[in-house]
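A.B. asks:
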Amino acid sequence: MTIPLIVDANTIVDAAFWMKAATQSIRSECGWHVAPVITETLVLDGRGGVALLLPSQRVEAVTLVKNDGVDVTSRVKFSRRTGVMTLASGWSCDLGSIEITLTHGYPLESVADIAALIVTLTKRGAASSAFVQQSVGSASARLGTGRDGAALSVPLLESEKALLEPYRLNWGA
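Read in order, the letters of the sequence shown are residues -16 to 156 in the working numbering.
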């Protein structure tokens, strides 16, 4: 049985926390949400032109696309395989001007290596957490940290980064 860690009155660090942290570590390394399949809304910077690269290697569906606040969903075309989305009238050139709601990522059962890595990172994070008690005068705080005193996180080993290489977005490389 895992006993949740209470970082403060509003934060409980439990297995769900570590699973989110593990998934975020993978996302940060790869540049997109690799697994499992999720639906999310992305806000992207406009660069003009007709083609837009989506930050995903596996798009299942696009349900809403706004360009400068205007719904252009019915006018876009996208490739599930390459993550390229086109808009014949052209994309905005403004920062944060493109909003896309999409379903993307790999089903966990199709990427056993990623599923196993999520489990490994979740276990590692949960096993490495501890508390630090800090007091100043009559005020006191208990902070959740790694055993080395660093902030709670799930760093990736070099071998894990190598495992993620096929899933990493490398546009412009």
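Yeah, the Cβ is synthetic: ideal placement off N, Cα and C, and Gly gets one too.
Find the nearest neighbour of Leu25 within the set His87, Met2 and Ala(-2), judged by alpha-carbon distance.
C.D. replies: Closest option to Leu25, Cα to Cα, is His87.
A.B. asks: By how many angstroms is the C-alpha of Leu27 removed from the C-alpha of Gly79?
C.D. replies: Answer to the nearest angstrom: the Cα atoms are 5 Å apart.
A.B. asks: Taking only the alpha-carbon atoms, compute the straight-line gap between Arg10 and Val53 and give it to the nearest angstrom.
C.D. replies: Going by the C-alpha atoms only, they are around 29 Å apart.
A.B. asks: Are three or more beta carbon pairs between the region 56 to 68 and the region 99 to 106 nearer than 8 Å?
C.D. replies: At 8 Å Cβ cutoff, the stretches do not touch.
A.B. asks: Mind checking which residues open and close the alpha helix (DSSP H) that includes Glu82?
C.D. replies: Not the alpha helix (DSSP H): Glu82 falls in the beta strand (DSSP E), residues Ile81 to His87.
A.B. asks: So, helix, strand or coil for Leu100, using DSSP?
C.D. replies: Looking at Leu100 - three-state DSSP - the assignment turns out to be helix.
A.B. asks: By the DSSP assignment, the alpha helix (DSSP H) with Glu12 in it spans what residues?
C.D. replies: Ala(-2) to Cys13 is the extent of the alpha helix (DSSP H) around Glu12.
A.B. asks: Which residue wins for smallest C-alpha separation from Pro38, given the options Glu82, Pro138 and Glu143?
C.D. replies: The residue with the shortest Cα to Cα distance from Pro38 is Glu82.
A.B. asks: Kindly indicate the opening and closing residues of the beta strand (DSSP E) around Ala43.
C.D. replies: The residue asked about is misnamed: residue 43 is Glu in this sequence, not Ala. Element bounds for Glu43: Val42 to Asn50.
A.B. asks: Between the beta-carbon of Leu139 and the beta-carbon of Cys13, is there less than 8 Å?
C.D. replies: Not in contact: Leu139 and Cys13 (Cβ atoms no closer than 8 Å).
A.B. asks: Could you tell me the boundaries of the alpha helix (DSSP H) in which Leu35 lies?
C.D. replies: No alpha helix (DSSP H) holds Leu35; the beta strand (DSSP E) holding it covers Ala34 to Leu36.
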